[in-house]
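For what it's worth, full-length UniProt numbering labels the leading residue of the sequence shown as 1, then goes sequentially. Backbone N, C-alpha and C define an ideal beta-carbon position, used for all residues, glycine too.
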Amino acid sequence: MYDLVVVGVGPTGARVSRRVAEQGFDVLALEKGEIGRPLACSGHVSTDVWAFTGSEAREDLFQNEIYGARFHVGGPHSRAYPFYKREVASNVIDRVGLDRHLADLAREAGVDVREGHTVTSVREYHDRVEIVANGPDGSETFEAKLVAGCDGPRSRVRDELDLPQPDELLHGVLAFSDEEDHQDFVDVHLTAPTFFAWRIPRGDAGVEYGLAAPPGVQVTRHFEELIDGYEIDVAHRCSGAIPIGPPERVTSRRVFLVGDAAAQTKPFTGGGICYGMTAADHAAREIDPDRPSTLAAYERAWRADLEREQHLGHLLRRAYSLPEPVQRIGLRALSGEIGVHMDRPTSLVSPTHLRAMLSRLRP
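In structure tokens, the structure reads:
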């Protein structure tokens, strides 16, 4: 019997696997396909990501530095409202490479990482959890003291245990062009209903284009309008669901959810890499596989850390649905130097941001 079976080996699954294994527990991690594939997530992340990687990861994964964002109410040729920092605000990275790097760190910590294993059943008993997966050699059954569901927005683990669903699933689309672009600003377009579209320069690696919107919106049509506006050909298209709004409970007796499966994401961008790995660290600190009751401590810990950020993030997202004239007035009034951390909306009231705002008032 394993101490922990982790389902899904994206950044969150790899992180919780590694951290638990480092404590001496026996950990199995199952990935349904090839780690890092298919790509369904942006490579634009805060610089905090390097706190979760190995010391030499930046040299292999880094693609570009970003200092700010140009916001547009219309298409590519509409007026831009820049928001920027004096220091690097974020990085663009090799997203597939990140998954593989984190999985390698998990292996080095002693995790048994197995690709090509699709979980088909999760059954919870008073003394164990039974997991059935289809692998290269057919159906296999594993037993564990605990199971971590890190298997994304449409989590099989969550569904098998009848755990509550996220508040919302957005539909996201990504595509890439080969144009070399070393600009240090991303472009954000408030043209998608209740969310936004984006253009992210990736240096020598090309440019990422994306758009997200709620179900029922003609995402493909809006995305084509974005691409046509930039007059560019794209390839390597991919799409996926983006969970917004964590459910009231992400644990059962012996199972816990982490990352996208728990909707531990930013409501105002949909990003979840650093939030998910932060929650994974809380899980590794609080949960003892020999004491299932410790799952309650995990619920308290990750919410205490991220709940306020997510609440403020929901408030920020409401601005995406304001009437266009109001958006223009707000962007015009607020654009300029900022001191905000891209993962932490609470930094809107930080001394750094307040100093940046006050500096605009100087003659």
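Runs of the beta strand (DSSP E) lying entirely within the stretch 318-342, each at least 3 residues long, are absent. The DSSP assignment places 27-30, 44-46, 62-66 and 68-72 as complete runs of the beta strand (DSSP E) inside the stretch 24-83, in order along the chain (cut-off: 3 residues). Judged by their CB atoms, ALA103 and VAL234 are not nearer to each other than the 7 angstroms cut-off. SER335 is a Cβ neighbour of PRO82, given a cutoff of 7 angstroms. Using a Cβ distance threshold of 7 angstroms, HIS182 and GLY206 do not count as a contacting pair. For TYR209 against ARG221, the beta-carbon gap comes to about 15 angstroms, at or over 8 angstroms, which does not count as contact.
In this chain, the alpha helix (DSSP H) harbouring CYS274 covers 273-286.
In this structure, ALA301 keeps its C-beta atom at 7 angstroms or more from the C-beta atom of GLU324.
Looking only at ALA175, LYS145 and GLU168, the smallest Cα-Cα distance to PHE195 is reached by GLU168. When only Cα atoms are considered, ARG344 and GLU309 end up about 6 angstroms apart. Straight across, the Cα-Cα distance linking TYR84 with ASP228 is about 27 angstroms. The C-beta distance from ARG128 to LEU257 rounds to 18 angstroms, too long to meet the 8 angstroms contact threshold.
The three-state secondary structure of ASP162, taken from DSSP, is coil. Secondary structure at LEU190: coil, using DSSP grouped into helix, strand and coil. Each of ALA51, GLY245 and ALA283 was checked against the Cα of PHE268, and the nearest Cα belongs to GLY245. The way I'd put it, the stretch 105-115 does touch the stretch 20-28; three or more beta-carbon pairs between them come closer than 8 angstroms. With contacts defined by Cβ atoms closer than 7 angstroms, LEU211 and ALA192 form a contacting pair. For CYS238, the pairing in a beta bridge is given by DSSP as LEU174. Taking C-beta atoms as the reference points, THR265 and GLY272 count as a pair closer than 7 angstroms.
Burial of GLY276 is indicated by the presence of at least 16 other C-beta atoms within 10 angstroms of its C-beta. Counting only residues of its own chain and dropping the five nearest sequence neighbours on each side, ALA89 has a CB closer than 7 angstroms to the CB of ILE66, TYR67, GLY68 and MET342. Bridge pairing for TRP198: VAL188 and GLY210 [DSSP]. The beta carbon of ARG355 is closer than 7 angstroms to those of GLY339 in its chain, skipping five residues each way along the sequence. A distance below 7 angstroms between beta-carbons, with the five flanking residues on each side excluded, links SER350 to the following residues of its chain, in chain order: GLY339. In the DSSP assignment, THR118 falls within the beta strand (DSSP E) that extends over 118-124. With contacts defined by Cβ atoms closer than 7 angstroms, PRO247 and PRO153 do not form a contacting pair.
LEU98 is the residue among VAL73, ASP305, VAL7 and LEU98 whose C-alpha sits nearest the C-alpha of ALA51. Annotation: ALA40 to ASP260 spans about 12 angstroms, alpha carbon to alpha carbon.
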